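Residue numbers for the sequence shown follow our numbering, beginning at 1 and rising by one. Notes to accompany the following structure.
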Amino acid sequence: MDNNFVIFDETQALISKTVLNLNAILKEVFHHTNQKKAVLVYDIESTLSNILATAYKYCLPDGIFVDFNKHAPQEILEILSSLHPSDLVILVQSTHFRLDAFRLRVELFKRKIKVIEHPHLSRMAESQIPYYIDSLAYDTHYYHTIGYGLKQKIESASSAILKSDGEILVYSSPFESVKLNIGDYSLMPNMGGQFPLGEVFSELKDLTALNGRVQIFAFGDISYRVNYPKRPITLIVQKGQIIGCENSTPQFDEILSKILEDEGVVWIRELGLGLNRAFTKTHIVNDIGAYERMCGIHFSLGAKHGIYAKPGFKRSDGKYHIDVFANTDTFIVDDEIIYKDDRWIIS
């Protein structure tokens, strides 16, 4: 009896915090009011999806609530087809909803409907649920200041250095135009995307201008989950390609083997700068799509990147985009330290 009460009390506390965080997102990011419709499509197949669905119902008392597993696909499509531009759809998914050939977020964006998507919630362990809920907290000043500050510094940089426990990785080229995922959609064609928020990304204009060594403390495995080896793996990089590694694991070797088999070499492409302070080296969630927002630096392995076109890289040839997370001590852009002690330093 006492144990049941504690569990209920803890769950209610999590729901209350989730309500606060979601209300801030709805107000500050999406500017949603009850003058517009809101549809929540959800399931309750995981603890986290249940918490999020409950919290959204508190936040949106006038909303339309659709249990994905209790409605036929055609019913759901009819509800969504009744919406108008600037209405809001929220997808709370233990896995990832499929409605035949209907690509939910893509099709909704075409109709100028706002979308909040929480996919793959069942990947999070019970102990990780508080980290995910904390990651939904939205600090407008922090995200806008750091996000736009990083954009300015990266786009004007001629070089950068990443230091990780004595290893040095040198970026000797300007970077591509920076893309932002910070909750500011004012200059974007669509409003919304996958949550949690908190990422800035780019890549070198010349992919071959990357050389040195770097430690990684985590990586995405073949099941799209975060793999956390007992000790960091050191990657040896020459002209933008991984030519060797030290302290590897069978799981990481499997990733490298698959990329080598299908693409011939292992390129490093995206430079991801995560801003979300709820995720750290110790506060980890299993889903790679959520954890890539972690406050720190990650980059992608493999030739696949749909944002930046490069000579010699055909979109159809790239099969892999595997996120790996640098064990970063400092990140230096044009002789200015902009990341140190696990935080961004942007004035």
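Yeah, the Cβ is synthetic: ideal placement off N, Cα and C, and Gly gets one too. Just so we're clear, the structure is a prediction, and the values are computed from it rather than from any experiment.
| field | Counted within 10 angstroms of its Cβ, other Cβ atoms place A402 as buried (16 or more) or exposed | value | With the chain represented from 1 up to 347, any question about residue 402 goes unanswered, as that position is not in the structure.
| task | Alpha carbon to alpha carbon, how far is S177 from D14? Give it in angstroms, no decimals. | result | For the record, residue 14 in the displayed sequence is Leu; it is not Asp. L14 and S177: Cα-Cα distance of roughly 38 Å.
| request: Would you be able to state if there are at least three C-beta pairs under 8 Å between the stretch 79 to 89 and the stretch 102 to 122? | output: yes
| query | Is the Cβ-Cβ distance between Q241 and V266 less than 8 Å? | reply | yes
| field | For G244, the first and last residue of its enclosing beta strand (DSSP E) | value | Q241 to E246
| field | Closest residue to E199 among I284, H298, D335 and V29 (Cα-Cα distance) | value | H298
| field | Inter-residue spacing [alpha-carbon to alpha-carbon] between L99 and P73 | value | 6 Å
| query | Can Y131 and L197 be called in contact, C-beta distance under 8 Å? | reply | no
| field | Member of M191, K151, N181 and A209 whose CA lies at the smallest distance from the CA of Y171 | value | A209
| query | Can you give the Cα-Cα distance for K17 and Q238, rounded to whole angstroms? | reply | 46 Å
| Nearest-angstrom Cα separation, counted from K36 out to K70 | 25 Å
| task | Using the Cα positions of G63 and K57, report the straight-line distance between them to the nearest angstrom. | result | 7 Å
| task | Measure from the alpha carbon of S159 to the alpha carbon of each residue in S122, A125, E203 and G192, then state which is nearest. | result | E203
| query | In its own chain, which residues sit with a C-beta less than 7 Å from the C-beta of F313, not counting the 5 before and 5 after it? | reply | A303
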